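One structure is given here, and the rest of the page talks about it.
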Amino acid sequence: MFADTTNQPNSEPAQEVQHSGLNLIGKVMNSQAQFLDEQLAFGLLRKHRYVFIGEKHDNPAHHELERRFIQERFADASRSNQGRVVFEMLDNSHEAAIRQLQAATSLDQMKQILNWPEKGSWDWRIYGSTFHEASKRSALAFGNIDRAFISAVYKNGEKNFVGVDRFSTALNPPDFLKNYLLDQIFSSHCGMQSRETLTPMLYIQLAKDASMATAMLQTDAAMLIAGGEHVRAETGAPWHLRKKNPQADVLVIQLIEVQADSIDLDTYIKKAGKADLYWFTAATESKDYCAGVKGKAAQ
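Okay, so the sequence shown: first residue is 1 according to full-length UniProt numbering, each after it adds one.
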C-alpha cells in the first residue's frame with residue numbers, strides 16, 4: 001500500500017495553477033491531489049521507513065532538496081534509526097572505501113578515499129556534497145552494480161541472477177514490467193535499435209533496480225536517491241522492494257521539473273508515474289538528446 005497522505009492537517013485541494021506553471025515551483029502535492037505544507041511533507045519523510053527520491057540527474061534544485069531531505073530525515077534525535085542513504089551513483093566497487101569513512105571525514109578526504117575519477121558517469125561537483133551529508137551521519141551506502149557485473153549481465157543475461165538473493169526479483173519478471181522497461185530503453189536509444197537487440201539493457205535495468213532495493217532492505221530503514229525512472233512505484237526499485245517485503249512501509253517522492261508553459265498537473269503526474277508525493281521544482285534547460293543522433297543517421 002502507498003503511504004496514507006489523505007486528510008492531513010495543513011493540506012488543501014490542488015487548484016488549477018493560473019497563468020504560469022512556474023507558480024507550482026516549491027509546492028508539494030500528494031497522490032490525492034492535495035497541496036501539503038512543506039513541514040508536513042518533511043514529517044512524512046521522517047515517518048516512513050523506506051523512502052524513494054526520484055531526481056533528474058543534472059538539476060541543481062534536486063540536489064539542493066536532497067541535501068535538505070537528508071538533514072530533515074536525521075534531524076529528529078528521538079528517531080534514532082533512520083538507517084542508510086542509498087545512492088544509485090555508488091556501486092559495490094565503493095563498498096570497502098565507504099567503510100573507511102568517518103563522520104568527521106571532510107569532503108576532500110572523501111573524494112580521495114572513494115578514488116573518485118575526474119571524469120566519469122557521475123560529476124563529483126554535483127554529488128560530492130550530497131554524499132557528504134549522508135557520510136556525516138554515518139549513513140552513506142551504495143546501491144548500484146559495478147561495471148564488471150554490468151558487463152557480465154550484458155553478456156549472459158538472467159543467468160547472473162540465479163541463486164543470488166540480491167537479484168532474485170530481477171529473475172523472471174512479469175510481462176508488464178519487461179514491456180514497460182523495453183519501451184523506455186527503446187525511447188532512450190532514440191528508436192535507433194530494435195527492441196530485441198536491447199534485451200541485454202533490460203536485464204541491466206532490472207539488476208540495478210533489484211540491487212538498490214536489496215541495499216535498502218539491509219537495514220530497518222533507508223532512503224534511496226536515484227533517477228526518476230528507477231523510483232517509479234510500479235516498475236522501479238519500489239516494485240522490487242515490495243516483492244521482497246510486501247508489508248514494507250514505503251514513501252515514494254518524485255521531484256518534478258516545472259515548465260513555464262504547462263499548468264496541467266495530470267501531465268506532470270502521468271510522466272512521473274504513481275507516487276505518494278510530487279515535489280515541484282525549477283527546470284533545467286530542455287534538450288533533445290536524440291536530435292543529433294537521428295540527424296547523423298540520416299546522413
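Heads up, the beta-carbon is just placed ideally off N, CA and C, and yes, glycines get one too. All of these numbers come straight from a predicted model, not from anything done at the bench.
CA-to-CA distance, residue j to residue i, given in whole angstroms
| i | j | result |
| --- | --- | --- |
| LYS270 | ALA170 | 25 Å |
| GLY26 | ALA152 | 42 Å |
| GLN299 | PRO200 | For GLN299, the predicted structure reports a pLDDT of 35, less than 50, and the residue's modelled location is therefore unreliable. A value from the coordinates is still provided. Answer to the nearest angstrom: the Cα atoms are 28 Å apart. |
| ASP249 | VAL51 | 9 Å |
| LEU44 | ARG242 | 19 Å |
| PRO174 | ALA282 | 36 Å |
| GLU196 | ASN81 | 45 Å |
| LYS47 | ALA222 | 11 Å |
| GLU55 | ALA272 | 10 Å |
As assigned by DSSP and simplified to three states, the class of residue i
| i | result |
| --- | --- |
| GLN102 | coil |
| PHE142 | strand |
| LYS287 | coil |
| ASP183 | helix |
| PHE52 | strand |
| ASP108 | helix |
| LEU206 | helix |
| VAL153 | helix |
| GLN193 | coil |
Residues bridged to residue i [DSSP beta-bridge criterion]
| i | result |
| --- | --- |
| TRP279 | VAL28, LEU255 |
| ALA222 | TYR50, ARG84 |
| VAL231 | DSSP output for VAL231 lists no bridge partner at all. |
| ASP91 | ASN144 |
Presumed contact (8 Å Cβ cut-off) between residue i and residue j, rounded CB distance
| i | j | result |
| --- | --- | --- |
| ASN144 | SER211 | 6 Å |
| ASP58 | THR219 | That belief does not hold up - the Cβ atoms of ASP58 and THR219 are roughly 29 Å apart, past 8 Å. |
| ALA213 | HIS240 | 4 Å |
| TYR154 | THR235 | Rounded, the Cβ-Cβ distance is 21 Å, inconsistent with contact. |
| GLU88 | ILE225 | 7 Å |
| residue 306 | ALA215 | Examination of residue 306 is not possible in this model, given that the chain is present from 1 through 299 alone. |
Three-pair Cβ contact test at 8 Å for the stretch 161-179 versus the stretch 206-225: With contact defined as three or more Cβ pairs closer than 8 Å, the stretch 161-179 and the stretch 206-225 are in contact.
Stretch pair the stretch 237-257 + the stretch 278-286: three plus CB contacts closer than 8 Å: The stretch 237-257 vs the stretch 278-286: in contact.
Stretch pair the stretch 62-73 + the stretch 123-139: three plus CB contacts closer than 8 Å: Result yes; three or more Cβ-Cβ pairs closer than 8 Å.
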